[in-house]
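Chains as they are written, first to last, in this note's numbering: chain V, 1 to 114; chain B, 1001 to 1112. Backbone N, C-alpha and C define an ideal beta-carbon position, used for all residues, glycine too. Quick notes on the structure that follows.
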């Protein structure tokens, strides 16, 4: 039973480019959460999605960031016009229900903006 | 006050030592509490949930004091493999009971 999968594991973008991070939840999980971990900081909640719905995006920066979880395919976190401050590890988690203690984390995508 | 605050560390201990981590949280409405472990450049993994009555899992003991809004983790007979960053995690509950709030973590290094 495969765990949460994220790709790419490492992503390098130049300032102004777009970054697309993908997350495939565990089989049977329909709830997806994205967290960001800046250097020397704790993980911060960004967004909670169910299939085709954004439930809570209160942790998303107001501009340049968007997320989706289509009916088919992985969840996508998209960052437009990246800046150096976007360099971080982005973790996706999934759960079978809307309960926090069952969130399983993927290996993360490390984004570096040069 | 930060939502979840942990000992800044780092902790360097010899094998076999007992080590304790402390954590405080600011939201008195928080309902669920956890300790996660994060190895260098890896994802966080749930170590244990923390219950009001205290709970133990092998060499690990977690305690919760709701009145003081304080959580602790005790590791006995520490092993080299316990070297990691330990994250105190709180769920605020209510309508946002899916949202985990993480402390910055405390780095533990167990030395031979």
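Item	Value
Per the contact definition of three or more C-beta pairs closer than 8 Å, is the segment 1102 to 1111 of chain B in contact with the segment 1046 to 1064 of chain B?	no
Checking contacts by CB at 7 Å: is residue 108 (chain V) closer than that to chain B?	yes
Mind reading off the beta-carbon distance from residue 4 (chain V) to residue 25 (chain V)? Whole number of angstroms is fine, and I expect it under 8 Å.	6 Å
Tell me, please, whether the CB atom of residue 48 (chain V) is closer than 7 Å to any CB atom in chain B?	yes
Looking at the C-beta of residue 1079 (chain B), does it have a partner C-beta in chain V at a distance below 7 Å?	no
Applying the criterion that 16 or more other CB atoms from any shown protein chain within 10 Å of the CB defines a buried residue, is residue 81 (chain V) buried or exposed?	exposed
Measuring only from the beta carbon, is residue 109 (chain V) closer than 6 Å to any heavy atom that is part of the ligand MN?	For the structure depicted, the ligand MN is absent and the ligand set is empty, with no information on it obtainable.
In terms of alpha-carbon separation, which member of V:14, V:18, V:30 and V:16 lies closest to residue 69 (chain V)?	V:30
What's the C-alpha gap between residue 109 (chain V) and residue 10 (chain V)?	5 Å
If you draw a straight line from the C-alpha of residue 1017 (chain B) to the C-alpha of residue 1083 (chain B), how long is it?	12 Å
In chain V, which residues lie with their C-beta within 7 Å of the C-beta of residue 1105 (chain B)?	42
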